[in-house]
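Novice: Residue numbers (full-length UniProt numbering): 1 to 526. Quick one: the structure is below, questions incoming.
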């Protein structure tokens, strides 16, 4: 035990590859060859051959952020620092012009990083790969006992194993202030996640402010004055994410999970009956009215214009048919359509019309696995989101049918458990199923419906590398390589001292100006 702890501390002190999070595809380091990283001398700069130059908001902003992470406010060079053997500037060369767009599912995130005392060079095909390389660069610096920062001679060649690496936040059950969402985006960038799945509304509340249907949030949110995301808030989240290479995919779940929609749009939900009389309660959306589809067409026209990503998540999970069964008008419609008593056919009837509406706006869509399981005809480019148990069988069925699969089943953070449950995330092999492997996507972390805001990121820490890095060989790899870059609420002294076993020493990445040190690590001891 003591030997393992000591080895981890030596890895941190020497700045070896274990400090990289997630682990890159290929890494070569020479610890005996190093240069000193000085705040007085070091700068990020564009290489002469770069197709992207000063004025690119993505990289200009990243240069400022990472310089402040390396040298936070209050940083001072140690007295007597050696001015020899200083690291040169990091030159960034991007081969493809373009900086004002948004990342997509097809965007490359490849990069190559070379560090030596003579030249430090980061090359990438586009700005999104350059962002990932800058994150890796920021993790490679280490400091000695007197506080001098160093970089070892290093070559990193890296690319993601999966093109979609997402985090889902549920802001309906538990409203999250804008600050918490932005901090989450920072933490995602530090861990190379690239999709923010915004489960923005649900039964409990409707915090999304629609300019076309303002009553949705006025009457459906917890508090229309304080617990609403305005159009400007949404724009801020999208832009904040873009500058960090993160896509924003909103989810508006239908036909179930819609109780919060009802107060703002009378007649949208199905009236439930008891003893052949209206009970005063409501169920899923009313799928038999033309007004339902007129509303959906107008609403998703607004949503499609507001969110630039190609994909929208349309939900489709956990539809309770009890209310539909009780409603005499629904029953009559079922007979007219010759659906019998198969309410899955009614669900499919609604979802198919909704998918056609969304497709008319040149948008792609993601749906929960029930839509696929119930035989709804979906676009060949649709993404099927797998979230239930026995996911290997479902992944086989989805991919054999020719669809892209998005996997979340193994990584639900809202499931309460105890002990070293994070180990389970590393025992999952996403490709452990029979069927095509092309197009597999991952969404790590499930709904945050039961979390205190301040503890949200802490819960995500232990599993963040599982879907991001290269081949995973289970917990043994974690024990060997665990110097984890994470972001949790705590402070540590200006020099990192050895900690006893079972202690997680952590430092948050957000509001960094209040802290004394720039170390961004979590060390798990076993």
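The beta carbon of each residue, even a glycine, is placed where N, CA and C say it ideally should be. A quick note: this is a predicted structure, and the numbers were derived from the prediction, not measured.
For residue 209, does the count of other Cβ atoms within 10 angstroms reach 16, so buried, or fall short, so exposed?
Specialist: Within the chain shown, numbered from 1, the residue matching residue 209 stands at position 209. Counting the other Cβ atoms within 10 Å of the Cβ of residue 209 gives 16 or more, which makes it buried.
Novice: Whole alpha helix (DSSP H) runs in the region 51-137 with 4 or more residues, listed along the chain?
Specialist: 57-70
Novice: Roughly how many angstroms lie between the CA atoms of residue 372 and residue 386, to the nearest whole one?
Specialist: Position 372 of the chain shown, counted from the start, is the residue given in the question as residue 372. Position 386 of the chain shown, counted from the start, is the residue given in the question as residue 386. About 10 Å.
Novice: Can you give me the C-alpha to C-alpha distance between residue 115 and residue 47, rounded to a whole angstrom?
Specialist: Position 115 of the chain shown, counted from the first residue, corresponds to residue 115. Position 47 of the chain shown, counted from the first residue, corresponds to residue 47. Looking at the two C-alpha atoms, the distance is approximately 14 Å.
Novice: Would you give the residue range spanned by the beta strand (DSSP E) that residue 196 belongs to?
Specialist: As a first step, residue 196 is located in the chain shown; it is residue number 196 there, counting from the start. Residues 195-199.
Novice: On the three-state DSSP scale, how would you describe residue 244?
Specialist: Along the chain shown, read from residue 1 onward, the residue named residue 244 stands at position 244. Residue 244: coil per DSSP, three-state reduction.
Novice: Using the three-state DSSP reduction, which class does residue 249 fall into: helix, strand or coil?
Specialist: Along the chain shown, one-based indexing puts residue 249 at 249. Of the three classes helix, strand and coil, the one that applies to residue 249 here is strand, per DSSP.
Novice: State the Cα-Cα distance for the pair residue 211 and residue 306, rounded to the nearest angstrom.
Specialist: For the purposes of this step, residue 211 is taken as the residue at position 211 of the chain shown. For the purposes of this step, residue 306 is taken as the residue at position 306 of the chain shown. Answer to the nearest angstrom: the Cα atoms are 11 Å apart.
Novice: Tell me residue 170's beta-bridge partners as DSSP assigns them.
Specialist: The count along the chain shown starts at 1 and reaches residue 170 at position 170. For residue 170, which the question treats as bridged, DSSP gives the partners 199.
Novice: Could you tell me if residue 340 is buried or exposed, where buried requires 16 or more neighbouring beta carbons within 10 angstroms of its beta carbon?
Specialist: For the purposes of this step, residue 340 is taken as residue 340 along the chain shown, with counting starting at 1. Looking at its Cβ environment, which holds fewer than 16 other Cβ atoms inside 10 Å, residue 340 is exposed.
Novice: In this structure, how does DSSP classify residue 20 when only helix, strand and coil are distinguished?
Specialist: Translated into positions along the chain shown, residue 20 becomes position 20. In the structure shown, residue 20 sits in coil (DSSP, three-state: anything other than H, G, I, E or B).
Novice: What does the Cβ neighbour count give for residue 19, buried or exposed, with the cut at 16 atoms within 10 Å?
Specialist: The residue you call residue 19 lines up with position 19 of the chain shown. The residue in question, residue 19, is buried, as its Cβ has 16 or more Cβ neighbours within 10 Å.
Novice: Between residue 311 and residue 353, is the Cβ-Cβ spacing less than 9 Å?
Specialist: As a first step, residue 311 is located in the chain shown; it is residue number 311 there, counting from the start. As a first step, residue 353 is located in the chain shown; it is residue number 353 there, counting from the start. Here residue 311 is not near residue 353, since their CB atoms are 9 Å or more apart.
Novice: Taking the alpha helix (DSSP H) that residue 336 belongs to, which residues open and close that run?
Specialist: As a first step, residue 336 must be located in the chain shown, where it is residue number 336. From DSSP, the alpha helix (DSSP H) with residue 336 extends over 328-336.
Novice: Put residue 222 into one of helix, strand or coil per three-state DSSP.
Specialist: In the chain shown, counting from the first residue as 1, residue 222 sits at position 222. If DSSP states are grouped into helix, strand and coil, residue 222 belongs with coil.
Novice: Around the C-beta of residue 418, are 16 or more other C-beta atoms found within 10 angstroms, so that it is buried, or is it exposed?
Specialist: Taking the chain shown and counting its residues from 1, the one referred to as residue 418 is at position 418. Exposed is the call here.
Novice: Compare the beta carbon distance of residue 228 and residue 207 with 9 Å and say whether it is the shorter of the two.
Specialist: By one-based count along the chain shown, residue 228 stands at place 228. By one-based count along the chain shown, residue 207 stands at place 207. A contact, by the Cβ cut-off of 9 Å.
Novice: Any contact between the region 280-298 and the region 180-196? By contact I mean 3 or more CB pairs, one from each, below 8 Å.
Specialist: no
Novice: Give a yes or no on whether the C-beta atoms belonging to residue 109 and residue 36 are separated by under 9 Å.
Specialist: Taking the chain shown and counting its residues from 1, one reaches residue 109 at position 109. Taking the chain shown and counting its residues from 1, one reaches residue 36 at position 36. No; because the gap between Cβ atoms is not below 9 Å, this pair is not in contact.
Novice: Nearest to residue 424 by CA position, among 197, 409, 205, is which residue?
Specialist: Taking the first residue of the chain shown as position 1, residue 424 is located at position 424. Comparing Cα-Cα distances from residue 424 to each of 197, 409, 205, the minimum goes to 409.
Novice: Considering only residues of the same chain and omitting the five flanking positions on each side of residue 369, which have a CB-CB separation below 8 Å?
Specialist: If you number the chain shown from 1, residue 369 lands on position 369. Its chain contains 317, 384, 385, 386, 387, 388, 394, 398 as the residues whose beta carbon lies nearer than 8 Å to that of residue 369, once the 5 sequence neighbours on both sides are disregarded; these appear in chain order.
Novice: Compute the Euclidean distance between the alpha carbons of residue 299 and residue 216, then round it to the nearest angstrom.
Specialist: As a working note, residue 299 is residue 299 in the chain shown. As a working note, residue 216 is residue 216 in the chain shown. Rounded to the nearest angstrom, the two C-alpha atoms are 11 Å apart.
Novice: Since residue 135 contacts residue 189 with CB under 8 Å, what's their CB separation in whole angstroms?
Specialist: By one-based count along the chain shown, residue 135 stands at place 135. By one-based count along the chain shown, residue 189 stands at place 189. That pair is a contact at about 7 Å.
Novice: Are the region 333-347 and the region 355-363 in contact at 8 Å, needing three or more beta carbon pairs?
Specialist: Per the Cβ contact rule, the region 333-347 is not in contact with the region 355-363 (fewer than 3 Cβ pairs under 8 Å).
Novice: Flag this pair as yes or no: are the beta carbons of residue 155 and residue 27 separated by less than 9 Å?
Specialist: Reading the chain shown from its first residue, position 155 is the one you call residue 155. Reading the chain shown from its first residue, position 27 is the one you call residue 27. Yes.
Novice: May I have the straight-line CA-CA distance separating residue 68 from residue 140, to the nearest angstrom?
Specialist: In the chain shown, the residue the question calls residue 68 occupies position 68. In the chain shown, the residue the question calls residue 140 occupies position 140. Going by the C-alpha atoms only, they are around 15 Å apart.
Novice: Is it buried or exposed for residue 191, if we count other Cβ within 10 angstroms and need 16 for buried?
Specialist: Walking along the chain shown from the start, residue 191 turns up at place 191. Answer is buried; the Cβ neighbour count reaches 16.
Novice: From what residue to what residue does the alpha helix (DSSP H) around residue 399 run?
Specialist: As a first step, residue 399 is located in the chain shown; it is residue number 399 there, counting from the start. For residue 399, the enclosing alpha helix (DSSP H) has its first and last residue at 391-400.
Novice: Check this for me: beta carbons of residue 94 and residue 62, under 9 Å apart or not?
Specialist: In the chain shown, the residue the question calls residue 94 occupies position 94. In the chain shown, the residue the question calls residue 62 occupies position 62. Result no, Cβ atoms of residue 94 and residue 62 do not sit closer than 9 Å.
Novice: Which same chain residues, not among the five before or five after residue 202, have their C-beta less than 8 Å away from its C-beta?
Specialist: Along the chain shown, one-based indexing puts residue 202 at 202. Cβ within range, chain order: 170, 172, 173, 253, 257, 260.
Novice: First and last residue of the beta strand (DSSP E) that includes residue 367?
Specialist: Locating residue 367 in the chain shown gives position 367, where the first residue counts as 1. 364-368 is the span of the beta strand (DSSP E), which, as asked, contains residue 367.
Novice: Out of curiosity, what's the CA-to-CA distance linking residue 43 and residue 31?
Specialist: By one-based count along the chain shown, residue 43 stands at place 43. By one-based count along the chain shown, residue 31 stands at place 31. Straight-line Cα distance between these residues: approximately 22 Å.
Novice: Please report how far the alpha carbon of residue 101 lies from the alpha carbon of residue 131, in whole angstroms.
Specialist: The count along the chain shown starts at 1 and reaches residue 101 at position 101. The count along the chain shown starts at 1 and reaches residue 131 at position 131. Distance between the alpha carbons of residue 101 and residue 131: 14 Å.
Novice: Expressed to the nearest angstrom, what Euclidean distance is found between the alpha-carbon atoms of residue 277 and residue 336?
Specialist: Mapped onto the chain shown, residue 277 falls at position 277. Mapped onto the chain shown, residue 336 falls at position 336. Each residue's Cα considered, the two are about 22 Å apart.
Novice: Identify which residue in 433, 351, 303 has its Cα closest to the Cα of residue 288.
Specialist: Within the chain shown, the letter at position 288 stands for residue 288. Of 433, 351, 303, the residue nearest in Cα terms is 351.
Novice: What is the rounded straight-line gap between the Cα of residue 153 and the Cα of residue 400?
Specialist: Locating residue 153 in the chain shown gives position 153, where the first residue counts as 1. Locating residue 400 in the chain shown gives position 400, where the first residue counts as 1. The alpha-carbon atoms of residue 153 and residue 400 are separated by roughly 45 Å.
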